Amino acid sequence: MLSKRVIPCLDVRDGRLTKGIKFKGNVDIGDPVETARLYYEQGADEIVFYDITASSDGRSIMLDVVDRVASQIFIPFSVGGGISTVEHMRAVLLAGAEKVSVNSAAVKNPDIISKGAAAFGSQAIVVGMDVLKVDKSEQIPSGYEIVIHGGRKRMGLDAIDWAKTVEALGAGELCVNSIDADGTKDGYELTLTRMVCEAVTIPVIASGGAGNPQHMVEAVTQGKATAALIASIVHYGEYTIPQLKQHMSGQGVKVRMVW
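Heads up, the sequence shown stops at 263 in our numbering, and the numbers go up one at a time, no gaps.
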């Protein structure tokens with residue numbers, strides 16, 4: 005059995021670590037380079053880095069910050085935000101990332117997924133999905149809609165249909181973020197997570213809502229995710245990564261405990 009992964013997420017704005025609730029009210033909470041190294045030393049399985057305003061600002065990602073983070077950690081490193089071309093992907097990978105995450109750009113131009121997979125391999129292409137719960141309709145039969153530009157623009161696109169599409173295009177992994185749960189610490193959106201996991205065969209990261217270690221257990225058991233993304237509960241010092249992993253292991257979840 006593969007170990008379930010614990011993945012801290014660093015949302016970065018203007019080169020600083022930031023955190024909000026439901027994609028709003030972001031506040032500065034520190035230096036992303038120092039924070040990434042701390043989580044690496046604590047035993048994180050991977051680090052995810054999002055330049056959260058790159059797409060909405062219409063600019064490319066801050067490569068200098070990517071380079072500085074990559075120099076401090078020796079675990080898989082996934083980077084997203086403002087990546088809209090294969091050239092952007094190449095630049096991010098050359099700066100030290102193992103994976104690139106595309107979200108808004110993939111919705112607007114799905115070819116970026118297949119072109120990226122052809123150039124760098126599916127294992128390097130993560131598709132981020134920002135999802136809002138809505139009323140079920142003919143257009144959105146699952147009741148979950150894709151939203152882009154950091155939660156600012158609804159797309160009229162069904163999240164489950166989109167997950168299947170991006171897998172077919174060559175994505176190697178999905179990161180499913182519930183906007184409704186983001187930053188609330190009330191738990192992951194398990195129904196959404198499970199629906200996506202059952203619709204695809206590639207790994208799925210659950211994102212949005214972790215408030216305690218049991219929420220992470222639920223994400224990888226009830227939600228069927230292969231990894232749990234975390235932010236607030238470690239950024240604010242409520243839990244360390246070893247504490248989270250010890251709880252998960254105690255609940256029968258296989259996690260990497262040696263580092």
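Cβ coordinates follow ideal geometry from the N, Cα and C atoms, glycine included.
Just so it is clear, the structure is predicted and the values come from calculations on it, not from any experiment.
Report the option in the options whose CA atom is closest to the CA atom of residue i.
i: A3; options: G85, A101 and L98; result: No answer is possible for residue 3: the residues shown for the chain start at 5 and end at 263.
i: L1; options: K8, I206 and A214; result: Since the first residue of the chain shown is 5 and the last is 263, residue 1 is not available in this structure.
i: E222; options: Q255, V204, L42 and V200; result: Q255
i: V204; options: A163, L42 and H239; result: A163
i: S75; options: V52, A95 and A101; result: A101
i: V200; options: P217, D165, G191 and L98; result: D165
i: D35; options: Q46, V73, R158 and E242; result: V73
i: Y243; options: T225, W263, V224 and A214; result: A214
i: P12; options: L98, K119 and R41; result: R41
i: P2; options: R17, Y44 and R156; result: The structure shown does not extend to residue 2, since the chain spans only 5 to 263, so no value can be given for it.
i: E202; options: N216, A167 and P217; result: A167
i: L233; options: H251, T39 and I51; result: I51
i: R17; options: A121, G125 and G154; result: G154
Less than 8 Å separating the beta-carbons of residue i and residue j?
i: T197; j: V170; result: no
i: K189; j: I237; result: yes
i: I79; j: A48; result: yes
i: I111; j: I152; result: With the sequence shown as reference, residue 111 is identified as Val, and Ile is not the correct amino acid for it. Against a cut-off of 8 Å, the Cβ pair of I152 and V111 comes out as a contact.
i: E149; j: G160; result: yes
i: D184; j: K228; result: no
i: S209; j: A175; result: In the sequence as presented, Ser is not what sits at residue 209; that position holds Ile. The answer is no: Cβ separation not under 8 Å.
i: N113; j: D134; result: no
i: V70; j: V83; result: yes
i: V131; j: L67; result: no
i: V10; j: L248; result: yes
i: Y240; j: H219; result: no
i: K8; j: V224; result: yes
i: V104; j: L97; result: yes
Spatial neighbours of residue i within its chain, please: C-beta separation below 6 Å, excluding the five flanking residues on both sides.
i: G212; result: N181, S182, A185 and D186
i: Q127; result: G176
Leaving aside the five residues before and after residue i along the sequence, list all residues of the same chain whose C-beta is less than 8 Å from its C-beta, in chain order.
i: M5; result: K258
i: I117; result: V106, A110, I129, V131, V170, L173, G174 and A175
i: K275; result: Past the boundaries of the shown model lies residue 275; the chain is included only from 5 to 263, so the question cannot be answered.
i: A123; result: V90, M93 and R94
So who's on the other strand from residue i, going by DSSP bridges?
i: S211; result: N181
i: M133; result: V180
i: I150; result: V135
Segments assigned beta strand (DSSP E), at least 3 residues, entirely inside the stretch 28-110: 28-34, 51-55, 81-84 and 103-106
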